[in-house]
Structure formats: C-alpha cells, structure tokens
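Residue numbers (the working numbering): 1 to 128.
Heads up, the beta-carbon is just placed ideally off N, CA and C, and yes, glycines get one too.
This report refers to the structure that appears directly beneath it.
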Amino acid sequence: MRKLLFLLSIFLIFTNNAFSQQEDISSMSAKELKEELDSGKQIVVIDVRKEEELSGPLGKLDNIIHIPVQELENRINELEKYKENQIAVICRSGNRSRKATHLLIENGFNAKNVAGGMIEYRNIENSK
1 MRKLLFLLSI FLIFTNNAFS QQEDISSMSA KELKEELDSG KQIVVIDVRK
51 EEELSGPLGK LDNIIHIPVQ ELENRINELE KYKENQIAVI CRSGNRSRKA
101 THLLIENGFN AKNVAGGMIE YRNIENSK
C-alpha cells in the first residue's frame, strides 16, 4: 500500500509539473494570427511541421520560416536575428508548436503558440 501511495505521489508531482509548464506558454488564436498577417503587422511565423506536411492538404502560409520541431534545438541559432520580433509558432494542431514555443521562450525569444494550428487557421479562412 505504501509503495502504491508513493508511486501515486510521484505521478501527481510529474503531472502537475507538466501542466504548469504548459500554462507558462503564451498563445494566440489562429484568428489573431490571421488578423495580424492581413493587417501587414511584422510578425515572424515559424512552422514546425515536417517537410512533407507543407505540401499536404493544409498547405503552408506565405513567408514562413520552416524548421521542424525535431531540428529546432540544433538550429535555434538561425533565428537569432528575430530575437526582438514577435514570433508565432504553428504546426498542424498546436501540440508540436507548444513544445517549440517553450524552447524559444527558454532561449529568450518573444514567441507565442498558435492554438489550434493550421487546422484552425484553415477553418477560419474557409468560414468566410
């Protein structure tokens, strides 16, 4: 019984830590991103999907920086010139971009995760 309680306690500690890290991530909606891009606001968009996804059904946005999330840590120096810019990080649904946004913030970037990702962005485009 003690062993079970100990394991449960460890699980709760790790779960709480994971959720608290996610809460620290700043986000923007796909609608906000679209409005900012449409208004001509200078925002850097980093797409962290795999290469083959860019030519898939969701396509890609114009003028993006493409760095797959698996490569971001090793290629983060390529983004150094954008450190003072607002950065929007996008993927298919918002999960990989959340991880990438966390990494960027840890490295001093002003980054926001695009909640809902390209799926939500395309839904907004198609609803007009």
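From the options, residue whose alpha carbon lies closest to that of residue i
{"i": "residue 118", "options": "55, 102 and 73", "result": "55"}
{"i": "residue 46", "options": "89, 60, 40 and 76", "result": "89"}
{"i": "residue 49", "options": "40, 57 and 69", "result": "69"}
{"i": "residue 129", "options": "82, 111 and 93", "result": "Since the displayed the chain opens at 1 and closes at 128, residue 129 lies outside it and no answer follows."}
{"i": "residue 91", "options": "105, 109 and 61", "result": "61"}
{"i": "residue 28", "options": "121, 51 and 52", "result": "121"}
{"i": "residue 107", "options": "34, 78 and 65", "result": "78"}
According to DSSP, residues forming a beta bridge with residue i
{"i": "residue 110", "result": "86"}
{"i": "residue 66", "result": "47"}
{"i": "residue 115", "result": "29"}
Rounded distance between the beta-carbons of residue j and residue i, thought under 8 Å
{"i": "residue 87", "j": "residue 44", "result": "5 Å"}
{"i": "residue 73", "j": "residue 103", "result": "6 Å"}
Unbroken stretches of the beta strand (DSSP E), 3 residues or longer, contained in the segment 24 to 50: As far as the segment 24 to 50 is concerned, its whole beta strand (DSSP E) runs of at least 3 residues are 27 to 29 and 44 to 47.
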